[in-house]
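Worksheet: one structure, shown below.
There are 2 protein chains.
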Amino acid sequence: MDPQPAIRALGALAQEHRLAAFRLLVQAGPDGLPAGTLAERIGVPPSSMSFHLAQLANAGLVSQRRQSRSIIYAADYAAMNGLMAYLTENCCAGVPCTTGAACNPALAPAKDVA
Amino acid sequence: MDPQPAIRALGALAQEHRLAAFRLLVQAGPDGLPAGTLAERIGVPPSSMSFHLAQLANAGLVSQRRQSRSIIYAADYAAMNGLMAYLTENCCAGVPCTTGAACNPALAPAKDVA
DNA sequence: TTGATATTTCTAGAATTATGGAATCGAAAG
DNA sequence: CTTTCGATTCCATAATTCTAGAAATATCAA
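Top to bottom, those sequences are chains C and X.
One point on numbering: in the numbering used here, the residue at position 59 of the first sequence is 114, and numbering is uninterrupted.
One point on numbering: in the numbering used here, the residue at position 80 of the second sequence is 135, and numbering is uninterrupted.
Now the structure itself:
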């Protein structure tokens, strides 16, 4: 991972509403949540939520897909894990750190995942 | 961890020079590096480096100690690990993710660590 | 005390980012 | 085809953050 994508990802997460949205999506799992639900739960106007979701998407931290009239956002676990790996890269001058931070939705309880 | 500290930490890392400095410190281990060395390696004037190091310190990501005329900065591994744990909290609605990202300098090869 | 070194604080201007209302777009339903 | 709903884009304003030179501070050596 290059520095630039990592900076974009970190910058995307370094904002109250975006961090809240991302965490809701991380907790929601691969099914994700529609933009409107996120705006309502976080308490920001739709235009602001859209602005922030665009930043997260641009940083590659979330994916988006249309489902009827809604646009569903979901956390990109690979991107998140990649970011954490980047931060701990070559940690402590080569100490065998448990640098394997990993959140793997594939381990989720059976529930026809997209 | 509350959202606010996490936002401060993420914001601190979301900047080219600060991310570079933090990664150098993560790789340097508990011994850390003096401000001047960081400024030189990264290629920014001392005043800018100082500004950025203050941000990292304020976010709790690095510690600082004076050693003669130099001020040595070192990564705070606990803070980093805490941040990563926060990001993956309740990942995937309770799936047993390997949320144990951990960089532990105590595992370092014998080398009288402070 | 004087001088050199390492770093920080102060400062203002430049650049970037956030906000939210209004207008617009796309999909579905009547 | 018109309406409604969910979401985005546009826009001007407000707020924050970055930059780097100059000045100040702290440490050590002579």
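Glycine included, every Cβ here is placed at the ideal spot set by N, Cα and C.
Boundaries of the beta strand (DSSP E) harbouring glutamine 119 of chain C: 117-122, taken from the DSSP string. Looking at the DSSP output, leucine 79 of chain X shares a beta bridge with no other residue. It is roughly 6 angstroms from the alpha-carbon of isoleucine 127 of chain X to the alpha-carbon of glutamine 119 of chain X.
Leucine 74 of chain X sits away from leucine 65 of chain X, with the two beta carbons spaced by 8 angstroms or more.
In terms of CA proximity to asparagine 145 of chain X, C:Arg78 leads the group C:Asp57, C:Arg63, C:Arg78 and C:Glu71. If you draw a straight line from the Cα of valine 81 of chain X to the Cα of proline 60 of chain C, it is about 19 angstroms long. Beta-bridge partners of tyrosine 128 of chain C (DSSP): C:Leu88 and C:Gln119. Judged by DSSP in its simplified three-state form, glutamate 144 of chain C adopts coil rather than helix or strand. At a Cβ-Cβ threshold of 8 angstroms, leucine 108 of chain C and valine 99 of chain C do not count as neighbours.
Cβ-Cβ distances below 7 angstroms link arginine 96 of chain X to Leu79 in the same chain, with the five nearest sequence neighbours on each side left out; the list follows chain order.
Residues of the stretch 128-145 of chain C with a C-beta less than 9 angstroms from any C-beta of chain X: Ala130, Tyr132, Met135, Asn136, Leu138, Met139, Ala140, Tyr141, Leu142, Thr143, Glu144 and Asn145, listed in chain order. DSSP places methionine 104 of chain X inside the alpha helix (DSSP H), whose first and last residues are 101-113.
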